[in-house]
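Working notes, structure below.
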Amino acid sequence: MPKLTVDGVEIEVPAGATVLQACELAGKEIPRFCYHERLSIAGNCRMCLVEVKPGPPKPQASCALPAAEGQEIRTDSPMVKKAREGVMEFLLINHPLDCPICDQGGECDLQDQAVAYGKGYSRYDENKRAVTDKYMGPIVKTIMTRCIQCTRCVRFAEEVAGVEEIGALYRGENMQITSYLEHALTSELSGNVVDLCPVGALTSKPYAFEARPWELKKTLAIDVMDAVGTNIRIDSRGRQVLRALPRINEDVNEEWASDKTRHAVDGLVRRRLDRPYVRKGGKLVEATWDDAFTAIAKAAKNAGNSVAAVAGDLLDCETMFAARELVKGCGGTMFEGRQTGLAYDVSNLAAVNFNTTIAGIETADVILLVGTNLRWEAPLVNTRVRKAIRKGGAKVYAIGPETDLTYPVEWLGNDAGLLTKLPKAVADALKNAQRPAMILGGGTLAKDGVHGAALALADMLGLIKDGWNGFNVLHFVAARMGGLMLGYAMDGGIKAMAAAKPKLLFSLGADEADYSAFPESFKVHIGHHGDKGAHAADVVLPGAAYTEKAGTYVNLEGRVQRGDKAVFAPGDAREDWTILRALSEKLGRTLPFDSFEQLRAKMVEAVPALGVEGLATYEWAPPKLSLKPEGEFAYPIKDFYLTNSICRASPTMQRCSAELLHGEEFAEAAE
């Protein structure tokens, strides 16, 4: 490890570190525009200049200079100060004075660094150059005259997203950043270029002119658009959520977020359930809370212990626990969260978990994908697999319908039977690998024998060994692992529940279930959007969305995470647990908690793993013998942008679906 001095302080840095990283280890702030920790080094902007001895008597770009033994680095010398002022002056020569009308204002690197490192006046009297704006789709708004050619967006598209849709044209002062033939960006991660852009050249189109950053209340939350559990920050003003931004979590999402995570939030104010409804004469009519509770109490009296609960895809663990206790209090024993008919064995939770972990999968050297479209089911897991290939040279094989995953894949065919007759070369590659991994798509569990065959294959090829578990199931709904930990899975799945003909059915935001299978059930829907669940219900109780309540969530790798409440629910809507608590009193089966803290304490008492933030521990059990799998796989997600009730209510997601997937123009209905 080389030793060097930074402004007279001697430090030791890891081998391979750059001078910029050495300066940061020494506690010195180095300005930069093009350098980013997760992207390759470009050395475009020259803002990170420092003085290095021994070396040429001129400032050098610290981001591209390797740290070496005996270097003397100065970050605050007159030469460095003058050089930075000069670089900033050149950057501002063609930059427009748009700060008052620019969406980046208040959180702009160029503003901050111009104040800290630039001159207080301008010497430039010539005309500024102007660049035509480029079309980049429904997510990214462009004002390319503001661009300083840092190429962060270009490098992100090529290296992380894996779609070469942004590039540079021409040279010198004529250089322009553009999309390919001005087509819309098709990546599910395109919104991240807005965060990466250090100026106002690329901004969020749905958020344009909505607010200034100092007006917003910032709340830490967990995303529910997929099962990754992306750490997000909700920015709100008053009772309205204006945007969702990713937070840094190296174990989960690094600092990225999918476009669905960022931009589905405009669906939180549309199609909302904001008052109770009761079905009378075949139609849902507005009602008071007391009328709705009275109707449910009457149905519960007739139902006896024939009571069931179906959990939706976006639920927090506290709501599921409160509903479980209420149904148990009524004598019910039927709980299910797998709305689409999945009925796999859940006696061994490790066998349905992403055991390698999200961060761990990028260290795998051979990966077998089985019936999963990672790019749609978990875009941020897909970036990790891509990183395993780019940085670790991993080899990826796949069974399933061929699709573009943004990296090289050897497709073996679309036959479930391949799990029992894997080609010898593939089997040998997995058997001989140091860190082999299999990723089994959550949708494949609907096919008889697939889960058991995959477990047997993992056992035979040695995917589970000391210090490494390479068997992974990729769920794609946020409430899945939490629901399984709370017992929302019954033998035979939702089909067995329908066959039991429950007289009273609680739908907890379950908008993907087929309610025609429950024609004789009295259906109570507690949810936040007027979607399938509300349309089928006999009583509708307006609940809270994920931004309107605190909650515990468990992601696909069994990681317990907690989010806070950002805003209040609209109208008469209430937090789900308060609805269940009030209803339990009306039914004469009062639940034993009066506050959210008491509810969480009861939940943790029942399931201790939910009380500790971090990875839950599941004991591994030997696989059971099962049927031989047959037939072809079909990916469960047909439209990435419209996977839940919030997305379906979001104009931005509808626009993305229409334009990016179906090549159509989106026409928004008049309000």
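Residue 1152 in my numbering sits at position 155 of the sequence shown, and the numbers go up by one each step.
C-beta: ideal position from N, C-alpha, C; glycine also.
If residue i sits next to residue j, beta carbons under 8 Å apart, how far is it from one beta carbon to the other, in whole angstroms?
{"i": "P1420", "j": "V1363", "result": "So it is not a contact: roughly 13 Å between Cβ atoms."}
{"i": "L1265", "j": "T1544", "result": "6 Å"}
{"i": "E1048", "j": "V1077", "result": "5 Å"}
{"i": "A1198", "j": "R1143", "result": "4 Å"}
{"i": "W1574", "j": "F1593", "result": "7 Å"}
{"i": "E1179", "j": "Y1118", "result": "Their Cβ separation, rounded to whole angstroms, is 38 Å, which puts E1179 and Y1118 out of contact at 8 Å."}
{"i": "A1497", "j": "M1331", "result": "6 Å"}
What three-state label does DSSP hand residue i in the structure shown?
{"i": "Q1431", "result": "coil"}
{"i": "I1355", "result": "coil"}
{"i": "T1441", "result": "helix"}
{"i": "H1472", "result": "coil"}
{"i": "V1378", "result": "helix"}
{"i": "Q1595", "result": "helix"}
{"i": "P1097", "result": "helix"}
{"i": "V1006", "result": "strand"}
{"i": "A1655", "result": "helix"}
{"i": "I1576", "result": "helix"}
{"i": "I1436", "result": "strand"}
{"i": "I1461", "result": "strand"}
{"i": "I1634", "result": "coil"}
{"i": "V1112", "result": "helix"}
{"i": "L1088", "result": "helix"}
{"i": "L1698", "result": "Residue 1698 lies beyond the range of the chain shown here (998 to 1668); nothing can be said about it."}
{"i": "A1667", "result": "Residue placement at A1667 is poorly supported in this model, since its pLDDT is 43, which falls under 50; the coordinates still yield a value, given next. Residue state, collapsed to three classes: coil."}
{"i": "N1124", "result": "coil"}
{"i": "N1299", "result": "helix"}
{"i": "A1563", "result": "coil"}
Which one or two residues does DSSP pair with residue i in a beta bridge?
{"i": "W1408", "result": "A1395"}
{"i": "S1504", "result": "V1307, H1522"}
{"i": "R1645", "result": "Partner(s): none; R1645 has no beta bridge."}
{"i": "Q1558", "result": "Y1550"}
{"i": "G1611", "result": "V1557"}
{"i": "V1367", "result": "I1396, L1437"}
{"i": "L1001", "result": "I1008"}
{"i": "L1538", "result": "I1523"}
| Are the stretch 1085-1099 and the stretch 1060-1071 touching by the rule of at least three beta carbon pairs closer than 8 Å? | no
| said: If contact is defined by three or more beta carbon pairs under 8 Å, each pair taking one atom from either stretch, is the stretch 1242-1255 in contact with the stretch 1273-1290? | reply: no
| query | Along the chain, which unbroken stretches of the beta strand (DSSP E) at least 3 residues long are found entirely within the stretch 1234-1294? | reply | 1237-1243, 1274-1277, 1280-1283
| query | Taking the runs of the beta strand (DSSP E) that are 3 residues or longer, which of them lie wholly in the stretch 1200-1233? | reply | 1214-1219
| field | Given 8 Å, three or more beta-carbon pairs between the stretch 1210-1223 and the stretch 1281-1300 | value | no
| query | Which runs of the alpha helix (DSSP H) spanning at least 4 residues fall entirely within the stretch 1133-1209, listed in chain order? | reply | Counting whole runs of 4 or more residues, the stretch 1133-1209 contains the alpha helix (DSSP H) stretches 1149-1153, 1189-1193.
| message | For the pair the stretch 1597-1606 and the stretch 1138-1153, tell me if three or more CB-CB distances fall below 8 Å. | response | no
| request: Counting only runs of 3+ residues fully inside the stretch 1011-1075, write out the beta strand (DSSP E) ranges in chain order. | output: 1046-1050, 1069-1071
| task | Within the stretch 1314-1355, note down every full alpha helix (DSSP H) run reaching 4 residues or more, in order along the chain. | result | 1314-1326
| said: Between the stretch 1386-1400 and the stretch 1358-1373, can you find at least three pairs of beta-carbon atoms closer than 8 Å? | reply: Put simply, the stretch 1358-1373 touches the stretch 1386-1400. At least three CB pairs are less than 8 Å apart.
| Does the stretch 1576-1584 come close enough to the stretch 1639-1651 that 3 or more CB-CB pairs lie under 8 Å? | no
| request: Would you be able to state if there are at least three C-beta pairs under 8 Å between the stretch 1501-1511 and the stretch 1301-1308? | output: yes
| Is the stretch 1340-1352 touching the stretch 1410-1424 in the sense that three or more CB pairs, one from each, lie closer than 8 Å? | no
| said: Within 8 Å, do at least three Cβ pairs link the stretch 1079-1087 to the stretch 1102-1118? | reply: Remark: three or more beta-carbon pairs, one from each stretch, lie closer than 8 Å, so the stretch 1102-1118 and the stretch 1079-1087 are flagged as touching.
| query | Are the stretch 1320-1337 and the stretch 1548-1565 touching by the rule of at least three beta carbon pairs closer than 8 Å? | reply | no
| task | Would you check if the stretch 1196-1214 and the stretch 1164-1173 touch, i.e. whether three or more CB-CB distances between them fall below 8 Å? | result | no
| said: Does the contact criterion of 3 or more C-beta pairs under 8 Å hold for the stretch 1452-1465 versus the stretch 1380-1392? | reply: no
| message | Is it the case that the stretch 1334-1342 contacts the stretch 1439-1447, given that we only count it when at least three CB pairs across the two stretches are under 8 Å? | response | yes
| message | Across the stretch 1624-1634 and the stretch 1236-1246, are there enough close Cβ pairs to call them in contact, namely three or more that are closer than 8 Å? | response | no
| Can at least three beta-carbon pairs, one atom from the stretch 1475-1483 and one from the stretch 1551-1561, be found at a separation below 8 Å? | yes
| request: Could you tell me whether the stretch 1098-1105 touches the stretch 1022-1034, where touching means 3 or more Cβ pairs closer than 8 Å? | output: no
| task | Take every Cβ of the stretch 1181-1192, pair it with every Cβ of the stretch 1153-1173, and state whether three or more of those distances are shorter than 8 Å. | result | yes
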